[in-house]
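Note that the sequence shown ends on residue 1294 in our numbering; no numbers are left out.
Every residue, glycine too, gets a C-beta built ideally from N, C-alpha and C.
Note sheet for the following structure.
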Amino acid sequence: MENYSTYRTAESVSPKHPDKLCDQISDAVLDAYLAQDPNARVAVEVCGGHGQVFVTGEITSTATNIDIDAIVHRIAGDNMKVMSNLVKQSPEIAQGVDVGGAGDQGIMIGYACSETPEMLPREVVLSRRLNQYIYNLHQFDGKTQITLHGSHVCSIVASFQNVSQETLQQLVQQFIIEHDLEPDQRNGKIELHLNPAGDWHQGGFEADTGLTGRKLIVDNYGPRIPIGGGAFSGKDPSKVDRSAAYMARRIAVDYLRERNADEVFVRLAYAIGHPEALEQTVIIDGKSEKITGYDLTPQGIIDFLNLKRPIYEPTARYGHFGEGFNWDK
């Protein structure tokens, strides 16, 4: 009987995917506020599609003259109608954050493994690198997906707007050669599904709606690794579902290197208004222990990772981990 536990699949989406456009707009708004006011409290959500973009959320900041329309048009195009509904952060939330407490309750997962130089699962890295390979030449809406059977590649899926099946065939075959991908041993070849529903020319907000935070598995570590559940984009670092997730990744990377481990999981948990982590567990190659040597308060994390800077829009393009960010090093 075949062991299906050895199959692993992950997908990646291009920066012109509707959900990723929304993530980038949310983080671009955040960056604009942090550029003027490093202490800005920002929680911005975006919904877009079919000629309209709606920007909503809570912002408390001394920054002035932030041009939301210009940010949307830069990322999504000049033909988008922009509607904004931005209000100040709830004073009842602020009172807990003002004294150093977490901005919300939640569980954050960190992960690192020795499978790849990026310290991410191989299927995640391959699907992302293939997406980037195609997108660098054809900057349109698109998705990629790779399935592994053990260390061998079973199948590759690539669907890209305004890229023909013939061109995708050439690009994917070149990617296979450059990355020396070995086909699945069952049939000696890699099954390709390239624009499997046919070539397509309508994409992005023209074809579909998008929403901030709807690509959480792509943003994190792929479907093999659990996540805490909180979205990242559009949130300033007082929100621990972002900052503590970044810290959890940094801790996982540190332990992986220090212990020469194969796989490290980190779990952090917080209560709104309370500064200390309620759980701080690291699991190193299956063995659990308490995390030591880190200040895991929100302010401690912000200081350690230097998070009050306008650095967030790039994180919204291809995932928040494995792309050389501060918390990956």
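Beta-bridge analysis with DSSP links Gln1245 to Leu1233. If you draw a straight line from the Cα of Leu1270 to the Cα of Gly1163, it comes to about 45 Å. For Glu1254, there is no enclosing alpha helix (DSSP H); the residue is found in the beta strand (DSSP E) stretching over Lys1252 to Lys1255. In the DSSP annotation of this structure, the continuous segment of the alpha helix (DSSP H) that includes Thr1280 starts and ends at Thr1280 to Tyr1283. Here the alpha carbons of Leu1261 and Arg1222 stand approximately 20 Å from one another. For Gln1001, the enclosing alpha helix (DSSP H) starts and ends at Pro983 to Gln1001. Only residues of its own chain outside the window of five on either side were considered, and among them Arg973, Ala975, Cys1078, Glu1080, Tyr1186, Gly1187, Arg1189 and Ile1190 have a CB closer than 8 Å to the CB of Pro1086, listed in chain order. Cβ contact annotation for Asn1044 (same chain, cutoff 8 Å, sequence separation greater than five): Gly1016, in chain order. With respect to the 8 Å criterion, Leu986 and Gly1169 are classified as neighbours on the basis of their beta carbons. Put simply, the stretch 1202-1218 does not touch the stretch 1037-1053. Fewer than three CB pairs are less than 8 Å apart.
Arg1006 and Gln989 have their C-alpha atoms roughly 18 Å apart. For the pair Ser1198 and Ala1281, the CB atoms are nearer than the 8 Å cut-off. Between Leu1157 and Val1137, the CB-CB gap stays under 8 Å. Ranked by Cα distance from Gln1070, the first of Pro1240, Asp1227, Val1011 and Asn1291 is Pro1240. Rounded to whole angstroms, the separation of the alpha carbons of Asp984 and Gly1178 is 7 Å. When the Cα atoms are used, Pro980 and Tyr1076 turn out to be separated by approximately 24 Å. Following the DSSP letters along the chain, one finds Gly1107 inside the beta strand (DSSP E) bounded by residues Gly1107 to His1114.
Contact holds between the stretch 1017-1035 and the stretch 993-1002, because three or more Cβ pairs, one in each stretch, are under 8 Å apart. By the criterion of a C-beta distance shorter than 6 Å, Met1073 is surrounded in its chain by Gly1193, Ala1209, Ala1210, Ala1213 and Leu1233, once the five residues flanking it on both sides are discounted.
Bridge pairing for Thr1021: Glu1010 and Asn1050 [DSSP]. Membership of Met1073 in any alpha helix (DSSP H) is not indicated; the residue belongs instead to the beta strand (DSSP E) covering Gly1071 to Cys1078. Apart from the 5 residues on each side of it in sequence, Val1009 sits with its Cβ closer than 6 Å to the Cβ of Ser991, Val994, Gly1022 and Gly1199 in its chain, given in chain order. In the DSSP assignment, His1117 forms a beta bridge with His1114.
Around the beta carbon of Ser1092, a 10 Å sphere encloses 16 or more other beta carbons of the protein chains shown; the residue is thus reported as buried. Across the structure, Arg1215 and Glu1288 are spaced so that their CA atoms are roughly 13 Å apart.
Less than 8 Å divides the Cβ of Val1229 from the Cβ of Ile1248.
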